[in-house]
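K.L.:
Please read through the structure below; I'll follow up with questions.
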Amino acid sequence: MSNPPVGVPTCYRHPDRETWIRCQRCERPICPDCMNEAAVGFQCPDCVAEGRRTVRQAQAAYGGAPSRNPGATSLTLIGINAVVWVLITATGGGNSRLLDWILLRPRGLCVDGNLAYSVSRQVCESRAGAEWLPGVTDGAFWQLVTSTFTHVQPLHLGFNLLAIWVLGPQLEQVLGRVRYLAVYLLSGLAGSVAVYWLSNEYGATVGASGAVFGLIGALIVVGLKVRANVQSLFLWLGINVVLTFTVSNLSWQGHLGGLLGGSVVTAIIVLAPRTRRAQVQAAGLSAFALLLVAAIVARALVLT
Numbered sequence: 001m002s003n004p005p006v007g008v009p010t011c012y013r014h015p016d017r018e019t020w021i022r023c024q025r026c027e028r029p030i031c032p033d034c035m036n037e038a039a040v041g042f043q044c045p046d047c048v049a050e051g052r053r054t055v056r057q058a059q060a061a062y063g064g065a066p067s068r069n070p071g072a073t074s075l076t077l078i079g080i081n082a083v084v085w086v087l088i089t090a091t092g093g094g095n096s097r098l099l100d101w102i103l104l105r106p107r108g109l110c111v112d113g114n115l116a117y118s119v120s121r122q123v124c125e126s127r128a129g130a131e132w133l134p135g136v137t138d139g140a141f142w143q144l145v146t147s148t149f150t151h152v153q154p155l156h157l158g159f160n161l162l163a164i165w166v167l168g169p170q171l172e173q174v175l176g177r178v179r180y181l182a183v184y185l186l187s188g189l190a191g192s193v194a195v196y197w198l199s200n201e202y203g204a205t206v207g208a209s210g211a212v213f214g215l216i217g218a219l220i221v222v223g224l225k226v227r228a229n230v231q232s233l234f235l236w237l238g239i240n241v242v243l244t245f246t247v248s249n250l251s252w253q254g255h256l257g258g259l260l261g262g263s264v265v266t267a268i269i270v271l272a273p274r275t276r277r278a279q280v281q282a283a284g285l286s287a288f289a290l291l292l293v294a295a296i297v298a299r300a301l302v303l304t
């Protein structure tokens, strides 16, 4: 192996190879094996590696990774609601035993045939043929979440799923998938907490309406933050408020709780300062979730 003539540039990684090509970034000589095509000319392997380390990842407007398919999360939520409805319909609809366990009931009930009694569990279990259906106060805390994915009437289901599809992708486009899910789930839980506190303690509530109202509130908060025209959102909210108080069997408690919950959660997300944004958002959302848990525990103690 011969040495290259004196004065002839050689590859910085392969000193035995002559070359007149230089890296566009560091200007070190590079041989064909070390050339990496760039927008202009070639770059050496070290500069390419350094460039990969320094490229900033894209972020959503308020932190986190942007959603590549903003409709996917809403479709998943729609699918869960639809599957639960199919299971309820297949097991008896309004008389489904599955429904009895996943709807939101503040207090438990004793069921004997077509009759329901507000008696204690001990009394219920002493009656032949009677069945005890637990409520949240009796330890069925899962109902606060499962009820938000539960529907019985097709019209109720269809309206809520349409609203999720119209509102959800817009919000996910702005917030990203994780923060959008936080808004949806915490809105639904806030609606359930409001039902737990404000509704008939022996009543039963189902539906994703609390989460839907949360999405409306969230989009209004985002719109106000960026100074967008939110008249159409306020109009839609107004129509839904009128329907809430004019159509029978609609839970104003769940709608109000969801609206307030979605607005508060979104405000925490969009008003967090740029510095330490993720930490502030996580702390704020955790505090709000703990507040909801505290409200649940307090109500359970009141009803016990």
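Reminder that position 252 of the sequence shown reads as 252 in UniProt numbering, one-by-one numbering, no gaps.
Heads up, the beta-carbon is just placed ideally off N, CA and C, and yes, glycines get one too.
Can you list the alpha helix (DSSP H) stretches of 4 or more residues lying completely in the stretch 20-84, in chain order?
P.N.:
45-54
K.L.:
Nearest-angstrom Cα distance between A72 and L161?
P.N.:
14 Å
K.L.:
Are I102 and F149 close, meaning C-beta to C-beta below 9 Å?
P.N.:
yes
K.L.:
Can you name the residues that DSSP bridges to L109?
P.N.:
According to DSSP, which records beta bridges pairwise, L109 is partnered with L133.
K.L.:
Start and end of the alpha helix (DSSP H) containing D100?
P.N.:
97-102
K.L.:
Kindly indicate the opening and closing residues of the alpha helix (DSSP H) around A300.
P.N.:
277-303
K.L.:
Touch check for the stretch 30-37 and the stretch 142-157: three-plus C-beta pairs under 8 Å?
P.N.:
no
K.L.:
Which residues in the same chain as R17 place their Cβ atom closer than 7 Å to its Cβ, once the five residues preceding and following it in sequence are excluded?
P.N.:
T10, C11, C31
K.L.:
Nearest CA to the CA of L237: which residue from S251, S248, V226, I220?
P.N.:
Taking only the C-alpha atoms, the option nearest L237 is I220.
K.L.:
Bridge partners for A204 per DSSP, in chain order?
P.N.:
Answer is none; A204 lacks a bridge partner.
K.L.:
Could you check which residue in D112, G191, F42 has the C-alpha nearest to that of W252?
P.N.:
G191
K.L.:
I need the straight-line Cα distance from L87 to A49, nearest angstrom please.
P.N.:
53 Å
K.L.:
Counting only the same chain and skipping the five closest in sequence on each side, list residues whose C-beta sits under 8 Å from that of W197.
P.N.:
Q253, A295, R299
K.L.:
Starting from A228, follow its DSSP beta bridges and name the residues at the other end.
P.N.:
According to DSSP, A228 bridges with nothing at all.
K.L.:
Mind checking whether V176 and A60 have CB atoms under 9 Å apart?
P.N.:
In the sequence as presented, Val is not what sits at residue 176; that position holds Gly. Yes, the Cβ-Cβ distance between G176 and A60 is below 9 Å.
K.L.:
With a 10 Å radius around its C-beta and 16 neighbouring C-beta atoms as the bar for buried, classify T76 as buried or exposed.
P.N.:
exposed
K.L.:
Give a yes or no on whether the C-beta atoms belonging to G214 and L259 are separated by under 9 Å.
P.N.:
For G214 and L259, yes; Cβs fall inside 9 Å.
K.L.:
If you draw a straight line from the C-alpha of N95 to the C-alpha of G158, how long is it?
P.N.:
20 Å
K.L.:
If I follow the unbroken alpha helix (DSSP H) through L271, where does it start and stop?
P.N.:
Where L271 is concerned, there is no enclosing alpha helix (DSSP H), given that its DSSP letter is neither H nor E.
K.L.:
Which runs of the alpha helix (DSSP H) spanning at least 4 residues fall entirely within the UniProt domain "Peptidase S54 rhomboid" (139-269), listed in chain order?
P.N.:
With a minimum length of 4 residues, the continuous alpha helix (DSSP H) runs that stay inside the UniProt domain "Peptidase S54 rhomboid" (139-269) are 143-146, 154-175, 177-198, 209-225, 231-246.
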